[in-house]
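Please read the structure below before turning to the comments.
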Amino acid sequence: MSKPPLRIQVSTLWEYPSQNYGSRPQGDQNYAGATPSYILWNLLNRYTARGQLVVDPMCGSGTTIDVCRDLERRVLAYDINPVRKD
């Protein structure tokens with residue numbers, strides 16, 4: 006099944022066909038409670054611009070880090086129990 010093209014959702018009901026967009030995964034797929042990257046993609050496109058700083062104090066699997074890099078946002082991410090080196 007192919008994924009639909011990325012587009013900003015304009016309604017209050019967001020539907021995402023999978024955990025990740027594109028051909029490579031964002032974040033750690035084995036991390037319990039990982040936020041779907043489609044949601045972060047939508048929010049970051051709505052509320053931030055290229056080059057802006059995004060802070061994620063509970064980055065968990067690192068999905069925010071990966072999506073910020075894809076969208077050319079600077080990111081400061083940390084977690085009480087880090088599972089990634091970046």
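Going by the working numbering, the sequence shown opens with residue 6, and the numbers climb by one from there. C-beta: ideal position from N, C-alpha, C; glycine also.
Shown here, residue 79 sits in a strand according to DSSP, grouped into three states.
At a Cβ-Cβ threshold of 9 angstroms, residue 27 and residue 68 do not count as neighbours.
The Cβ-Cβ distance between residue 58 and residue 72 does not fall below 9 angstroms. Between residue 43 and residue 19, the C-beta gap is smaller than 9 angstroms, which places the two residues in contact.
Looking at the DSSP output, residue 61 shares a beta bridge with 82. The continuous alpha helix (DSSP H) containing residue 44 extends over residues 42-52. By the neighbour-count criterion, in which 16 or more other beta carbons inside 10 Å mark a residue as buried, residue 13 falls on the exposed side.
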